[in-house]
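Residue numbers (my numbering): 12 to 515.
Ideal Cβ positions, reconstructed from N, Cα and C, are used throughout, including at glycine.
Down below is the structure, laid out as structure tokens.
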């Protein structure tokens with residue numbers, strides 16, 4: 012059942028300072044918020060599936076902030092020096108989401124608490140990624156943040172250190188953002204095991220909140236979030252929303268390969284569209300094409316009006332392009348998939364996709380960069396580059412208009428990822444073999460892992476394999492009598508720094 016957009020029924024039970032801030036900032040709660048907040052307040056694990064720009068991240072953060080406010084005020088205005096909430100996002104560039112959906116609400120709620128004459132409440136937050144300076148990491152070890160913002164990889168690293176495990180052991184709530192972007196790959200399998208290892212540290216069941224663009228089947232994403240034999244409430248708003256979409260075709264016949272003179276017509280059309288909009292984001296499928304488009308559009312719009320953004324550029328150059336676009340100093344940004352998950356770029360008026368992105372979900376995610384706010388209308392133009400590409404683009408647009416989605420395929424028990432996680436976990440503490448297998452089975456991608464593959468993997472990790480220079484890579488000590496596992500000297504460092512790849 013979908014509640015009307017005008018309702019704020021979901022705010023019932025929130026602390027007055029929290030609900031007052033929300034009502035003074037937003038005209039109403041969205042459907043996703045109204046349905047999810049009562050479930051989260053009951054400490055039920057919840058998957059929130061809704062289109063880009065529907066307020067999913069704020070939904071999760073406001074719920075946990077309210078919980079911390081109630082907990083802190085009940086304790087005389089103080090929270091324990093413990094990490095209570097872990098927010099995991101596949102993005103390293105987390106500044107925009109955190110500023111809008113965490114820091115701004117936190118500042119507003121604190122102000123309303125002071126107006127009510129209540130004790131000042133300090134809720135500490137910290138970001139831990141691969142780019143976090145050493146001094147900030149040391150500060151976290153001295154005094155744990157109440158809300159830790161991190162990536163799947165950094166969570167894995169924290170689970171491999173004594174200080175990290177001590178900090179994470181008090182966690183009560185985990186928020187997994189952009190879950191649709193990682194569930195279908197080995198990165199998702201890695202995260203699923205990390206979440207089970209985190210649960211193993213905690214004294215009580217974790218409340219897991221997943222934030223996802225709608226996927227098919229949505230039940231598979233929910234199971235991925237909470238693992239096996241656990242309940243997960245699903246708030247599915249659907250992915251349908253008003254969109255302004257169209258295919259762009261050059262005014263000449265397309266062939267098997269686009270000729271240079273036809274490309275010139277494409278450059279002219281892109282420049283025309285850029286002039287008609289304040290900010291334009293152009294997605295391409297290769298880094299080479301990103302650089303080529305940037306050069307040709309610079310000739311038409313000016314060198315300072317166009318920039319490229321892809322993974323081969325230095326971090327400083329990518330950040331500069333993002334900030335220039337956000338500040339309105341950049342008219343066109345040409346990007347590969349490095350930008351499609353919503354890095355800090357502010358408002359975008361138009362998204363152009365050059366060539367088919369190869370998936371319905373990928374196209375919707377990229378177009379969703381425009382109109383990226385509650386009530387916004389995404390605007391996208393899909394440029395076909397060849398005859399075959401035109402057929403695929405037409406089929407893709409038809410699927411979008413009929414409301415279809417790509418079917419999600421979650422990898423089944425990838426052993427290379429499992430090997431890396433086993434090494435990391437037994438290096439941190441000794442484990443009985445069957446107890447560790449039970450933990451592994453609770454991660455959805457490994458629910459069907461059989462005993463034969465598990466034992467073969469343990470044998471290889473404990474005995475190593477025969478290479479040109481003899482036996483190598485024996486990372487575990489396996490007690491054949493007690494059936495326990497523990498890491499060998501140096502295994503922890505190997506688990507953190509290796510890619511987890513197992514030879515065929």
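Pair within 9 angstroms by beta-carbon distance, residue i and residue j
i: residue 160; j: residue 109; result: yes
i: residue 406; j: residue 456; result: no
i: residue 392; j: residue 193; result: no
i: residue 453; j: residue 239; result: yes
i: residue 205; j: residue 166; result: yes
i: residue 80; j: residue 137; result: no
i: residue 220; j: residue 345; result: no
i: residue 242; j: residue 71; result: no
i: residue 464; j: residue 426; result: yes
i: residue 197; j: residue 418; result: no
i: residue 218; j: residue 246; result: no
i: residue 291; j: residue 363; result: yes
i: residue 116; j: residue 76; result: yes
i: residue 53; j: residue 21; result: no
i: residue 32; j: residue 122; result: yes
i: residue 222; j: residue 67; result: yes
i: residue 321; j: residue 298; result: yes
i: residue 195; j: residue 368; result: no
i: residue 448; j: residue 460; result: yes
i: residue 335; j: residue 318; result: yes
i: residue 450; j: residue 208; result: yes
i: residue 398; j: residue 284; result: no
i: residue 215; j: residue 183; result: yes
i: residue 262; j: residue 269; result: no
Bridge partner(s) assigned by DSSP for residue i
i: residue 443; result: 495
i: residue 259; result: 394
i: residue 227; result: 418
i: residue 488; result: 497
i: residue 221; result: 58, 187
i: residue 298; result: Paired residue(s): none; residue 298 is not in a bridge.
i: residue 406; result: DSSP, once it has assigned bridges, lists no residue as partnering residue 406.
i: residue 364; result: 294, 393
i: residue 239; result: Looking at the DSSP assignment, residue 239 forms no beta bridge with any residue, so it has no partner.
i: residue 136; result: 158
i: residue 247; result: 60
i: residue 319; result: 345
Nearest candidate by alpha-carbon position, reference residue i, set the options
i: residue 267; options: 181, 396, 452, 227; result: 396
i: residue 410; options: 153, 67, 494, 256; result: 256
i: residue 157; options: 145, 141, 143, 180; result: 180
i: residue 486; options: 143, 343, 476, 499; result: 499
i: residue 130; options: 214, 83, 458, 338; result: 83
i: residue 402; options: 366, 127, 377; result: 366
i: residue 415; options: 374, 447, 169; result: 374
i: residue 254; options: 389, 207, 262; result: 389
i: residue 433; options: 468, 286, 23; result: 468
i: residue 288; options: 347, 474, 358, 475; result: 358
i: residue 341; options: 265, 437, 293, 178; result: 293
i: residue 466; options: 494, 483, 458, 484; result: 494
i: residue 171; options: 191, 480, 474, 437; result: 437
i: residue 88; options: 69, 118, 100, 128; result: 128
i: residue 99; options: 191, 260, 338; result: 191
i: residue 25; options: 78, 347, 65; result: 78
i: residue 85; options: 347, 36, 132, 113; result: 132
Rounded Cβ spacing between residue i and residue j (contact assumed at less than 8 angstroms)
i: residue 372; j: residue 224; result: 7 angstroms
i: residue 295; j: residue 58; result: About 32 angstroms; that fails the 8 angstroms criterion.
i: residue 472; j: residue 430; result: 6 angstroms
i: residue 199; j: residue 164; result: Incorrect: roughly 12 angstroms between the Cβ atoms, too far for contact.
i: residue 343; j: residue 312; result: 6 angstroms
i: residue 381; j: residue 408; result: About 16 angstroms; that fails the 8 angstroms criterion.
i: residue 169; j: residue 139; result: 7 angstroms
i: residue 176; j: residue 212; result: 6 angstroms
i: residue 248; j: residue 74; result: No, residue 248 and residue 74 are not in contact; Cβ-Cβ is about 16 angstroms, not under 8 angstroms.
i: residue 244; j: residue 55; result: 5 angstroms
i: residue 134; j: residue 90; result: 7 angstroms
When you compare the region 39-47 with the region 82-99, are there three or more beta-carbon pairs, one atom per stretch, that lie closer than 8 angstroms? Judged by pairs of C-beta atoms under 8 angstroms, the region 39-47 does not touch the region 82-99, as fewer than three such pairs exist.
Three or more C-beta pairs closer than 8 angstroms, one from the region 488-502 and one from the region 430-442: is that the case here? With the cut-off at 8 angstroms, the region 488-502 and the region 430-442 touch.
Stretch-stretch touch, CB-based, cutoff 8 angstroms, three pairs: the region 295-312 with the region 272-281: Contact holds: three or more Cβ-Cβ distances are below 8 angstroms.
Contact the region 327-335 vs the region 276-286: 3+ CB pairs below 8 angstroms: Remark: fewer than three beta-carbon pairs, one from each stretch, lie closer than 8 angstroms, so the region 327-335 and the region 276-286 are not flagged as touching.
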